[in-house]
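Chains as they are written, first to last, in our numbering: chain A, 4 to 116; chain B, 688 to 800.
Down below is the structure, laid out as structure tokens.
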């Protein structure tokens, strides 16, 4: 079956612009995570959606970052007024629920000029 | 104390040797434990998961879990140069919304031919 799908795969934009990153999880997966990974660094947790519960937003680095998950499926991560330090690979993962393995998408490589 | 700790490495082993990767975690209530492999420029790939104390074997990989010591390890037998990658330990943390999965920073493994 289809895995986690992320789009776009690459995004180059100018500082100050807003960007939207999309994640389409594996069908039926109730949990969805967003991570950020800078070059040579580990995974930085951003936000976690589990079913209909309020999301865990504890990893969002600033109020410029927001995410939503519509209908318990597709998620969009929005970064407003982008800064150069936002340049990174943004990874999405989904799982069948608590205690289940996460499966990652291929990521979106974001470059802020 | 970090929630999930790994030695950053690099861990260097000769081809054919056993590579031993270690991970400790902070919460005694954690129930699920995962090992991911991440090649440079790629997204993490699930290679093992373990839920119960003891050993779990899958091909050349063995995951070992000791909940009393809050320790999980990954053994790679007959290491190959293609095993060279960063290995990420991930542990579900109870509480909050459905056992959020927390990643360690990863151990770099280098297998020398």
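We put the CB at the ideal spot given by N, CA and C, even for glycine.
For clarity, every value in this text was computed on a predicted model and none was experimentally measured.
query	result
Express the C-alpha separation of residue 99 of chain A and residue 697 of chain B in angstroms, rounding to a whole number.	33 Å
Would you mind stating whether residue 54 of chain A and residue 34 of chain A have Cβ atoms separated by less than 9 Å?	yes
Between which two residues does the beta strand (DSSP E) holding residue 705 of chain B run?	Note, residue 705 of chain B: premise wrong, no beta strand (DSSP E); not H, not E.
Answer with buried or exposed for residue 110 of chain A, where buried requires no fewer than 16 other C-beta atoms within 10 angstroms of its C-beta.	buried
Can you give the beta carbon distance from residue 798 of chain B to residue 767 of chain B, rounded, assuming they're within the 8 Å contact cut?	6 Å
Is there a Cβ from chain A that is less than 9 Å from the Cβ of residue 766 of chain B?	no
Comparing the C-beta of residue 74 of chain A with each C-beta of chain B, is any distance below 9 Å?	no
Just to make sure I have the definition right: I need the residues of chain A whose C-beta is within less than 7 Å of the C-beta of residue 730 of chain B. Which are they?	94, 107, 108, 109, 110
Assign residue 773 of chain B to one of three DSSP states: helix, strand, or coil.	strand
Mind listing which residues of the region 719-750 of chain B have their C-beta closer than 7 Å to chain A's C-betas, in chain order?	719, 721, 730, 731, 733, 736
Indicate the three-state DSSP secondary structure (helix, strand or coil) for residue 23 of chain A in the structure shown.	strand
On a Cα-Cα basis, can you pick out the residue from A:61, A:87, A:30 that is closest to residue 37 of chain A?	A:61
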